[in-house]
Amino acid sequence: MKLERHPPVVTSLKPSNHPYLNGAWTPLHEEVDAEDLDVIEGTIPHDIDGIYFRNTENQVHQPLGRHHPFDADAMIHQISFQAGRASYRNRFVRTRCFQAEQEAGASLWGGLADPAGTSQRPGYGAHGGLKDNASTDVVVHAGKLLSTFYQCGEAYAIDPQTLEDLGIAPWGPIDGVSAHCKVDEATGELLFFNYSKHPPYMHYGVVGVDGKLKSYIPIPLPGPRLPHDMAFSDRYSILNDLPVFWDPKLLERGVHAVRFFKDMPSRFGVVPRHGGPDDIQWFEAAPCYILHFLNAYEEGDELILDGYFQEDPTPPPLTGSVEGHEHMMAYLDMHSFRSRLHRWRFNLKTGETIEQRLGEDTVEFGMMNARYAGKPYRYAYSVSAKPGWFLFDTFVKHDLQAGTSETVKLPDGVYASEAPFAPRIGAVDEDDGYIVSFLIDENRGTSECVLIDAKNFAAGPVCRIALPHKLSSGTHAVWADRAFIETGRVAA
Ligand SMILES: [Fe+2]
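Okay, here's the thing in structure tokens:
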């Protein structure tokens, strides 16, 4: 391996026993370029050509109040595969807030678990008091990487090859862009939404493969909501109004307290991809919260939506956690909110909704072959987590047609990152490719990249590649074929 280290960033972080600043959440501050990565086991596949991108959370400065992992700064990691060789690179996303704190040498904004008034500068996002840290999601659109913030901020554009900052995406509206923009690889279009505390409370937009805003329409809601994801089929986009949002009475006093209004239905807004506000059709379903959707597709008069149904979206504090952080940990524990793979069938003719549970396992962070996004599909990939923590310890492959699943459990103390699907060059079958993930090994203090052959899933990794440093945990990741990165769409 050939390694080049970059000049260090300014940090003021002090040692602590905070659960989300230690162990697998120990922030990484080093930025490197590494070529010809060493193989620990197996052979680097010659039959994939593309890049896996991962967004992690890395606190740089001493927090002003209570640290929440989603407050930390975005770091993008990439591992690039070509002709049986792999290279690695990582960079902080130079958001305007990151740069302001680098100049100040200290934190300037409070976080999600802090009371109003903690921030020393005006805040961003739907919440209004937070740092726009772009550390939630990462997608590739129109030849650029976009790093986004779940509370709605700027979409930060990054060169997917060099990870050089390319500035703020110019099409972003005044209310910002939520995490989980969706890219239809067939058309190259990016579909996005945002949300806010002022009417109409939500918007939906489409950006073309040319990087220009094609449409931006209001999605009027009854009040401020906290949507995290959206879904799309070939012809429709699906927005949501779920009964988990800031308590309106407390919000009047500036307190942001998330509550589950279990007597209210879940609502799904279906709109033609390029439709207007008058085209929205609303469907009602059982109350729940949904962090992430998996896919959607059309079948006759029905629109099918798959995602992860949370049975208990606002769980009580966990017991036995590190003092002062119990409630935060409950909100980050997929076992506490009991997340299950679920299907909603919306009849576009009758307005009826039919719901179906697809599994009883506690899983989340769904991925599938992106070439089947918006279309009928058979295979999905999820992860499960260590109870009590936001740390993934099991990969799951679901066969949605057969109703079966296969799992790969990691050793104790080893945690995965979100694991997208990398199609094999010339693949014909939907599951002809690899699941790609970064591991954090707390036993050895190292990180590695693993590839699992999706057709022989239960056999576990076919290749393990050493990474030059130990990563911090985070949220989302994406795979992009090199041809898609270069052209902005997948050839028909
Ligand atoms: Fe997310």
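Throughout the sequence shown, residue numbering follows the working numbering, covering 25 to 516 in sequence.
All C-beta atoms in this analysis are idealised placements derived from N, C-alpha and C, irrespective of residue type, glycine included.
Within 10 angstroms of its Cβ, does residue i collect 16 or more other Cβ (buried), or is it exposed?
i	result
residue 376	exposed
residue 421	buried
residue 109	exposed
residue 442	buried
residue 424	buried
residue 248	buried
residue 393	buried
residue 115	buried
residue 468	exposed
residue 300	exposed
residue 472	buried
residue 40	exposed
residue 286	exposed
residue 406	buried
residue 222	exposed
residue 146	exposed
residue 480	exposed
residue 36	exposed
residue 129	exposed
residue 534	In the structure displayed, the chain extends from 25 to 516; residue 534 sits before or after that span and is not available.
residue 268	buried
residue 346	exposed
Report the residue from the options whose alpha carbon sits nearest the alpha carbon of residue i.
i	options	result
residue 319	397, 350 and 415	397
residue 488	66, 56, 95 and 43	66
residue 450	499, 155, 515 and 145	515
residue 289	298, 265, 79 and 339	265
residue 263	277, 219 and 236	219
residue 352	500, 73 and 138	138
residue 187	498, 57 and 467	57
residue 241	304, 214 and 285	304
residue 47	230, 254, 494 and 456	494
residue 460	466, 438, 428 and 501	501
residue 276	428, 392 and 151	151
residue 140	236, 117, 278 and 427	278
residue 518	427, 272 and 510	Outside the displayed span of the chain (25 to 516) sits residue 518, for which this structure offers no information.
residue 369	511, 171, 93 and 329	329
residue 213	332, 260, 177 and 372	260
residue 190	203, 200, 170 and 175	170
residue 504	82, 458 and 45	458
residue 256	49, 232, 216 and 474	216
residue 402	192, 426 and 388	426
residue 498	97, 258 and 193	97
residue 99	435, 444, 436 and 172	172
residue 42	70, 28, 84 and 92	92
residue 374	306, 387, 127 and 59	306
residue 197	185, 226 and 207	226
residue 206	253, 127, 62 and 244	253
residue 512	61, 174 and 234	234
residue 202	236, 105, 112 and 316	316
residue 53	455, 83, 107 and 444	83
residue 439	446, 445, 418 and 431	418
residue 366	350, 388, 120 and 490	388
residue 148	434, 433, 176 and 168	176
residue 386	333, 81 and 432	333
residue 400	61, 437, 349 and 258	258
residue 507	363, 156 and 166	166
residue 71	302, 484, 466 and 456	456
residue 282	157, 433, 337 and 496	337
residue 428	280, 179, 404 and 470	404
residue 231	224, 208, 251 and 250	208
Between the region 342-361 and the region 406-417, can you find at least three pairs of beta-carbon atoms closer than 8 Å? yes
Q) Got a list of residues with beta-carbon closer than 7 Å to any non-hydrogen atom of ligand 1, in chain order? A) 160, 161, 174, 203, 204, 252, 253, 315, 316, 499 and 500
Should the region 291-301 be called in touch with the region 341-349, which here means at least 3 C-beta pairs below 8 Å?
-> no
Worksheet item: Enumerated in chain order, which unbroken segments of the beta strand (DSSP E) with a length of 3 residues or greater are wholly contained in the region 81-167?
Response: 97-106, 109-116 and 161-165
| Stretch-stretch touch, CB-based, cutoff 8 Å, three pairs: the region 28-40 with the region 439-459 | no
Does the region 369-385 come into contact with the region 300-311, if we say contact requires no fewer than three beta-carbon pairs (one atom in each stretch) closer than 8 Å? yes
| request: Could you say if the region 157-167 and the region 74-87 meet the contact criterion of at least three C-beta pairs nearer than 8 Å? | output: yes
When you compare the region 126-138 with the region 83-93, are there three or more beta-carbon pairs, one atom per stretch, that lie closer than 8 Å? yes
Notebook entry, point to check: Quick one: any contact between the region 323-330 and the region 230-250, if contact means 3 or more CB pairs under 8 Å?
Noted result: no
message: As an exercise, report each continuous beta strand (DSSP E) stretch of at least 3 residues that is fully enclosed by the region 165-203, in chain order.
response: 168-172, 180-182 and 189-192
*Pick out the complete beta strand (DSSP E) segments inside the region 404-482, 3 residues or longer, and give them in chain order.*
416-423, 428-433, 438-440, 445-447, 457-465 and 470-477
In the region 33-88, which residue ranges form an unbroken beta strand (DSSP E) of at least 3 residues, counting only runs that do not cross its ends?
56-59, 63-66 and 74-82
Enumerated in chain order, which unbroken segments of the beta strand (DSSP E) with a length of 3 residues or greater are wholly contained in the region 212-297? 213-219, 226-231, 237-242, 260-265, 268-270, 282-284 and 290-296
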